[in-house]
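Working notes for the structure below.
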Amino acid sequence: MDKKQQILKAENFLALHHDQRLLILPNIWDPLGARLLQHMGYPAAATASAAVAYSLGYDDGQKITLGAMLETIHRVAAAVDIPVTADIEAGFAESPADVAENIRQVLRAGAVGINFEDSDPTTGQLYPIDFQCDRLKAVRAMADQEGIPLVINARIDVFISGFGTSMAERMAEAVTRGKAYVEAGADCLYPIVLGDLDALSRIQSATASPLNVYGPSATASLRELEAAGISRVSLGPGIMKVVLKTMQQLFEQLQGYGSIDLSASKAMASEEILAFVSQDNMT
């Protein structure tokens with residue numbers, strides 16, 4: 001990808017976080033999904049690490065190889081003109097230097113944004129705040145060195161890590177981490193699975209940062225999230241799970257010698273698919 005083009009994509013993607021409209025990211029896992037999003041007018045595409053891993057036969061939690069993840073990111077980014085942000089889990093390394101080098105490869109694969117977790121995938125425990133900030137600073141310094149304004153969505157895993165004994169403790173820790181992560185270079189905060197709108201608004205107000213909400217956990221509608229000033233919402237592997245459930249039901253029907261309705265009302269026609277898929281440049 002041309003570097004000027006990548007810089008422009010990164011700038012445009014960051015600007016979407018400061019728009020009054022909610023940035024809705026129905027996470028995908030392959031070029032086809034990214035093409036469909038672009039065809040439908042979505043301004044950006046986001047991969048989901050779990051969905052990418054599942055599609056290649058791996059479990060989530062950095063069980064997929066970095067090489068396989070990078071290959072998918074490259075294929076997705078090369079297939080569309082819209083910005084692509086990649087879920088890179090915890091960076092596939094621990095040390096700040098190693099994480100930065102891994103994410104340098106993500107940039108060179110064509111992504112302009114990342115999701116970056118603050119818990120150890122092997123233990124599920126939170127990294128110490130100072131250590132995670134060092135990791136964030138290293139990633140930001142690397143992106144600056146590359147000359148690309150990488151959009152960092154810093155995931156806050158307080159609400160899934162078993163931290164604390166009360167919601168008040170977890171909220172306080174989330175705010176502390178959020179403030180530190182923004183200072184370390186994060187552009188957006190992602191307190192995953194926190195769905196209460198009042199709690200989300202408190203974190204947003206305390207950190208003065210754009211917020212990403214995990215859609216399946218949200219207790220408010222998309223319109224309500226937008227009205228509250230939430231910047232973006234993502235669905236993780238949710239879309240893939242719906243697709244897999246549908247496939248399973250179809251397979252069960254066939255297994256029982258049933259029939260499947262492949263009419264236009266139930267299935268996308270070839271002409272519709274060809275409207276956003278080209279044999280020439282699908283990578």
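Residue 206 in this note's numbering sits at position 206 of the sequence shown, and the numbers go up by one each step.
The beta carbon of each residue, even a glycine, is placed where N, CA and C say it ideally should be.
Looking from the CA of ILE73, the closest CA among PRO96, GLY57, ALA48 and VAL151 belongs to ALA48. Look at THR246 here: in three-state DSSP terms it is helix.
The beta carbon of ARG108 sits closer than 6 Å to no other beta carbon from its chain once the five residues preceding and following it are set aside.
Around the beta carbon of ALA138, 16 or more other beta carbons sit within 10 angstroms, so the residue counts as buried.
With the rule of 3 Cβ pairs closer than 8 Å, the segment 184 to 192 counts as touching the segment 210 to 228.
Counting only the Cα atoms, LEU244 lies some 36 Å from GLU173. CYS188 has ASN153 as its beta-bridge partners, per DSSP. Annotation for ALA86: the continuous beta strand (DSSP E) segment containing it runs 84 to 87. In the DSSP assignment, LEU22 forms no beta bridge with any residue.
Under the rule that a run must span 4 or more residues, the alpha helix (DSSP H) segments found entirely inside the segment 56 to 86 read 66 to 79. Relative to GLN20, the option among TYR257, SER55 and GLU226 whose CA is nearest is GLU226.
Out of GLU224, ALA180, ALA220 and ILE7, the CA that lies nearest to the CA of ALA206 is found in ALA180. A residue is called buried once 16 or more other Cβ atoms fall within 10 Å of its Cβ, and ALA46 is buried on that count. Counting the other CB atoms within 10 Å of its CB gives TYR257 a total below 16, which places it among the exposed residues. The Cβ neighbour count for VAL242, taken over all protein chains shown within 10 Å, is under 16; the residue is labelled exposed.
Inter-segment contact for the segment 1 to 12 and the segment 25 to 42 is absent: fewer than three beta-carbon pairs are separated by less than 8 Å. Note that the C-beta distance between LEU25 and SER234 is below 8 Å.
The three-state secondary structure of ALA100, taken from DSSP, is helix. If you check the CB distance, ASP157 and SER119 come in under 8 Å. SER270 carries a helical assignment under DSSP once its states are collapsed to helix, strand and coil.
MET69 places its beta carbon 8 Å or farther from that of ARG104. Nearest neighbour of VAL277 by Cα position, chosen from ASN12, GLU11, HIS39 and PHE13, turns out to be HIS39. If the five residues before and after ASN12 are omitted, its C-beta is found closer than 7 Å to the C-beta atoms of PRO83, all from its own chain and listed in chain order.
The beta carbon of VAL106 sits closer than 8 Å to the beta carbons of LEU70, ILE73, ALA86, ILE88 and ILE114 from its chain, once the five residues preceding and following it are set aside; these are given in chain order.
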